[in-house]
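*Asks:*
Residue numbers (UniProt numbering): 1 to 540.
Structure (C-alpha cells):
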C-alpha cells in the first residue's frame with residue numbers, strides 16, 4: 001500500500017483487509033485502530049468518496065468493506081494515489097485559495113444558522129449528521145446520527161418520512177426526540193430534499209421545539225400548587241399536595257420520595273429497602289454536588305421498594321435537588337417506567353423551588369424559636385439562682401426548668417467524683433430501659449467526647465453518632481440527644497444528658513446559648529453542694 005495515503009487511511013484499509021466482516025463496523029474499527037468514532041467516520045467517508053471503500057447496511061449499522069476492484073490488486077489504488085499526489089504549486093495555491101473562500105463562507109453561514117432558535121441540520125442517506133447549528137449541538141450534544149435521538153417506537157414513522165423526503169417530497173411531522181436517556185422534547189420537524197443534483201443526496205431538517213405549546217393545563221396546575229402552598233403550615237401537608245399535584249398533572253411517576261440533605265426521608269409513596277436507599281446515595285450526592293437535575297437509567301429497580309417487588313419495569317430515576325441559594329438541602333426522587341418531557345421536568349424543578357423555600361422558611365422560624373427558647377432558659381435559670389431561697393434544690397430546679405423550656409422529655413445528671421469518674425446523680429422521667437442503658441455505661445463514648453470538647457454535644461436521628469448508639473435508643477423513641485457539660489470555668493463538674501422524642505434542629509446561636517447553660521448549672525451545683533455540706537455540718 002502506497003505511503004502517500006495518510007496514516008489513518010492506511011490503518012483503516014489494513015484493518016478492513018485483515019478482519020472478518022462482523023468486525024468491520026464503526027465502533028469496532030474505532031476500537032481496533034485506537035481512533036475516535038468521529039475521526040474514523042470522517043476517513044471512512046473520505047475513502048468511500050474515493051471509491052476505495054464501500055458499505056452495506058446491516059440493521060442500524062454500516063458494515064464497511066474494501067471494494068473488490070481494489071483488493072488484492074494494487075493497480076486501482078495506485079492510480080488514485082497518483083492522482084492525489086500529482087499536484088504542483090499552482091494547484092496547491094488554487095486549492096488553498098478555494099479553501100480560504102470556503103472557510104469564510106462557512107463562518108458567515110454558521111453565524112447565520114447559529115442565530116436561529118430552531119435546530120437546523122443536514123443528514124445523508126444513512127442518517128449520519130453532516131452539519132448542525134449551535135442550537136442542535138447544545139440540545140443534542142455528541143450526536144452523530146439522527147437515529148440516535150429517535151425513540152425506538154417512532155423509528156418506523158421517521159423512516160417513512162425520510163424515504164419520502166429523499167424521493168423529493170417536503171415533509172412535516174411532529175416527533176418526540178430524546179435529549180438524553182429518559183428525557184424527551186416535542187419537535188415539529190420539516191424535512192427538505194437537497195436541490196442540487198449530486199452523487200451524494202442529503203436532507204435539510206429544521207426543527208422547532210413545541211414542548212411548551214401544549215402545556216396550558218399544566219401551567220394552570222402549577223400556578224394552583226404555588227398559590228395553595230402559601231396557606232400551608234405543615235411540612236407533611238405541603239409535600240402531600242405538591243407530590244400529588246406532580247403525579248396527577250405535571251409528570252406521571254410510579255414511586256416518589258423526598259429526602260433532606262442527610263438522606264432523611266420526609267415523604268415516600270412506598271417503603272424503601274435499606275439496600276435500595278444505600279444504592280441511591282451516590283446518585284443523590286452527585287445531583288446535590290452539581291446542584292442540577294440528574295436522570296439515571298435504572299439497572300436493578302426491583303430492589304428499591306419493599307411493598308412493590310413488581311417495580312422491575314421501572315426505567316428511569318429523576319433526581320431534582322432542593323436548592324437554597326447554591327446549597328442543596330434535599331432532593332425529590334421520581335421513579336418512572338417511561339421517558340419524560342423536558343418541560344415537565346422543568347415544572348417539577350419549579351415545584352422543588354417551592355418546597356425548598358418552604359423548608360427554608362420553616363428552618364428560619366424553627367431557628368428563631370429555638371434561639372428564643374435557649375435565651376428563655378438562660379433567663380429562667382438566672383432567676384432561680386438569684387431568687388430561689390432553697391439552696392439545696394437549686395440544681396434540681398435549674399435542670400427541671402432547662403428541660404421544660406428547651407422541650408426535652410427525659411434527662412439525667414452525672415457528677416464527676418474524686419477519681420474523675422462520672423456517676424449518676426439526678427434522673428428525670430427516665431424509662432426503665434433507658435435507665436438501664438445509662439447505668440450500664442451505654443453513653444460513655446458520648447460523655448467522653450463532650451468532656452473533650454468542653455461544650456454541648458448535639459446528636460440527631462440519622463446522624464453517624466446516633467446510629468453508633470444502636471437500635472435501642474430509637475426503639476425507646478428518643479430522636480434528639482444533648483450532652484451538656486456542667487462546669488465552673490474550664491473545670492467540668494458533671495454532665496447533663498437530655499433526650500427528646502422530637503427531632504429538634506439547632507444552629508450555632510442556639511447551641512452557643514445552650515452551652516452557656518452549663519456555666520449556670522455549675523454555679524447551681526456548687527451552691528447546692530455547699531448547702532448540703534452546711535446541713536450535714538449542722539446535724540453533726
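Glycine included, C-beta positions come from ideal geometry on N, C-alpha and C. Predicted model only: the values in this text are computed from it and were never measured.
Label residue 179 either buried or exposed according to how many other C-beta atoms from any shown protein chain fall within 10 Å of its C-beta, with 16 as the threshold for buried.
*Replies:* Buried, because 16 or more other Cβ atoms sit within 10 Å of the Cβ of residue 179.
*Asks:* For residue 14, which residues of its own chain have a beta-carbon under 6 Å away from its beta-carbon, when the five flanking residues on both sides are left out?
*Replies:* Excluding sequence neighbours, residue 14 sits near nothing in its chain.
*Asks:* Tell me which residue opens and which closes the alpha helix (DSSP H) that residue 398 is part of.
*Replies:* Element bounds for residue 398: 394-406.
*Asks:* Run through DSSP, which three-state label would residue 254 get?
*Replies:* It is coil, neither helix nor strand.
*Asks:* Pull the bridge partners of residue 207 from the DSSP assignment, please.
*Replies:* In the DSSP output, where bridge partners are listed per residue, residue 207 has 119, 189.
*Asks:* Can you name the start and end residues of the beta strand (DSSP E) that residue 414 belongs to?
*Replies:* Note, residue 414: beta strand (DSSP E), 410-416.
*Asks:* Please go through the segment 265-307 and give each complete beta strand (DSSP E) segment of 3 or more residues, from N-terminal end onward.
*Replies:* Counting whole runs of 3 or more residues, the segment 265-307 contains the beta strand (DSSP E) stretches 265-268, 294-297.
*Asks:* Work out the CA separation of residue 297 and residue 40 for me, nearest whole Å.
*Replies:* Their Cα atoms are separated by approximately 29 Å.
*Asks:* Rounded to whole angstroms, what is the Cα-Cα separation between residue 498 and residue 257?
*Replies:* Distance between the alpha carbons of residue 498 and residue 257 is about 32 Å.
*Asks:* Going along the chain, which residues of its own chain have a beta-carbon closer than 6 Å to the beta-carbon of residue 32, five neighbours each way excluded?
*Replies:* Taken in chain order, the residues that qualify are 15.
*Asks:* Using CA coordinates, which residue listed in 375, 401, 152, 374 is at the minimum distance from residue 384?
*Replies:* The option with the nearest alpha carbon to residue 384 is 401.
*Asks:* For residue 174, count the other beta carbons within 10 Å of its own beta carbon; 16 or more makes it buried, fewer makes it exposed. Which is it?
*Replies:* So residue 174 ends up on the exposed side.
*Asks:* Roughly how many angstroms separate the alpha carbons of residue 116 and residue 24, rounded to a whole number?
*Replies:* Spanning the two alpha carbons is a distance of roughly 38 Å.
*Asks:* In whole angstroms, give me the CA-to-CA distance for residue 397 and residue 530.
*Replies:* If I take the Cα positions, the gap works out to 16 Å.
*Asks:* Taking the alpha carbon of residue 46 as the point to measure from, which residue in 28, 61, 12 has its own alpha carbon closest?
*Replies:* Of the listed residues, the one whose Cα sits closest to residue 46 is 12.
*Asks:* Alpha carbon to alpha carbon, what distance is there between residue 244 and residue 228?
*Replies:* Answer to the nearest angstrom: the Cα atoms are 13 Å apart.
*Asks:* Can you find the residues in the same chain that come closer than 8 Å, C-beta to C-beta, to residue 493, ignoring five residues on each side of it along the sequence?
*Replies:* 415, 416, 486, 487, 522, 525, 526, listed in sequence order.
*Asks:* So, using beta-carbon positions, are residue 544 and residue 211 closer together than 8 Å?
*Replies:* The chain is shown only over 1 to 540; residue 544 falls outside these bounds and no answer can be derived.
*Asks:* By Cβ distance below 8 Å, which residues in the same chain neighbour residue 355 in space, the five residues on each side in sequence not counted?
*Replies:* Cβ within range, chain order: 238, 239, 242, 258, 322, 330, 332.
*Asks:* Looking at C-alpha atoms only, which residue of 489, 146, 430 is the closest neighbour of residue 500?
*Replies:* Ranking the options by Cα distance to residue 500, first place goes to 430.
*Asks:* From which residue to which residue does the beta strand (DSSP E) around residue 313 run?
*Replies:* Careful: residue 313 lies outside any beta strand (DSSP E) and carries neither H nor E.
*Asks:* May I ask you to list the residues that DSSP assigns as paired with residue 180?
*Replies:* In DSSP, residue 180 forms a bridge with 183.
*Asks:* Taking just the CA atoms, how far does residue 59 sit from residue 353?
*Replies:* Taking the straight line from one Cα to the other gives about 45 Å.
*Asks:* Are the CB atoms of residue 246 and residue 351 within a distance shorter than 8 Å?
*Replies:* Yes, the pair counts as a contact, with Cβ atoms nearer than the cut-off.
*Asks:* In this structure, what does DSSP give as the bridge partners for residue 551?
*Replies:* This structure does not reach residue 551, given that the chain is present from 1 up to 540, and the question cannot be answered.
*Asks:* Tell me whether residue 230 sits in a helix, a strand or coil according to DSSP, three-state version.
*Replies:* Three-state DSSP puts residue 230 in coil, outside helix and strand.
*Asks:* Of all the options 249, 399, 312, 349, which has the alpha carbon lying nearest to the alpha carbon of residue 292?
*Replies:* It is 349.
*Asks:* Using DSSP with H/G/I as helix, E/B as strand and the rest coil, what is residue 382?
*Replies:* If DSSP states are grouped into helix, strand and coil, residue 382 belongs with the helices.
*Asks:* What's the C-alpha gap between residue 328 and residue 120?
*Replies:* Those two C-alpha atoms are separated by around 37 Å.
*Asks:* Looking at the secondary structure, which residues open and close the beta strand (DSSP E) in which residue 453 lies?
*Replies:* Not the beta strand (DSSP E): residue 453 falls in the alpha helix (DSSP H), residues 444-453.
*Asks:* Could you check whether residue 316 and residue 295 sit closer than 8 Å to each other, using their CB atoms as the reference points?
*Replies:* Their beta carbons are under 8 Å apart, which means residue 295 touches residue 316 by this criterion.
*Asks:* Between the C-alpha atoms of residue 71 and residue 53, what's the straight-line distance to the nearest angstrom?
*Replies:* Residue placement at residue 71 is poorly supported in this model, since its pLDDT is 47, which falls under 50; the coordinates still yield a value, given next. Straight-line Cα distance between these residues: approximately 10 Å.
*Asks:* Work out the CA separation of residue 290 and residue 360 for me, nearest whole Å.
*Replies:* Approximately 20 Å between the Cα atoms of the pair.
*Asks:* Given a threshold of 16 other Cβ atoms within 10 Å of its Cβ, counted over all protein chains shown, does residue 62 qualify as buried or as exposed?
*Replies:* Buried, by the Cβ-count rule.
*Asks:* Starting from residue 458, follow the beta strand (DSSP E) in both directions and report where the run begins and ends.
*Replies:* Note, residue 458: beta strand (DSSP E), 457-460.
*Asks:* Let me check one thing: in DSSP terms, what residues is residue 132 bridge-paired to?
*Replies:* Paired residues: 121.
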